[in-house]
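Residue numbers (full-length UniProt numbering): 1 to 114.
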């Protein structure tokens with residue numbers, strides 16, 4: 001399993017943020033959001049100026065349905081890499097998911113004003 005291989009690599013070099021990022025992605029694909037978030041945060045600590053670290057954190061937070069936090073992580077990534085369409089799209093999707101999750105999309109807002 002890829003998670004095991006990344007764990008061994010991290011044991012060998014715990015200062016390599018890319019390894020945490022890659023293991024975070026593995027956890028996301030396995031639906032293990034808490035593990036994914038833990039690795040994404042470790043990655044961001046090691047590589048605070050790396051946009052992909054922000055993306056991994058946002059993806060884990062989105063999986064946890066913490067949409068506002070996810071949007072913030074994606075936005076921080078956009079600030080680091082303004083050219084990243086992947087981050088910009090993820091930011092917009094997290095904002096929209098948060099609106100839907102909290103029932104504050106435009107349709108609901110307009111109906112409540114009537």
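Built from N, CA and C at the ideal position, the CB exists for glycine as well.
CA-CA distance, residue 56 to residue 21, rounds to 7 Å.
With 16 or more other CB atoms across the displayed protein chains lying within 10 angstroms of its CB, residue 19 is buried.
Residue 100 and residue 63 have their C-alpha atoms spaced approximately 15 Å apart. Residue 12 and residue 97 have their C-alpha atoms roughly 38 Å apart. In this structure, the alpha-carbon of residue 70 lies about 25 Å from that of residue 15.
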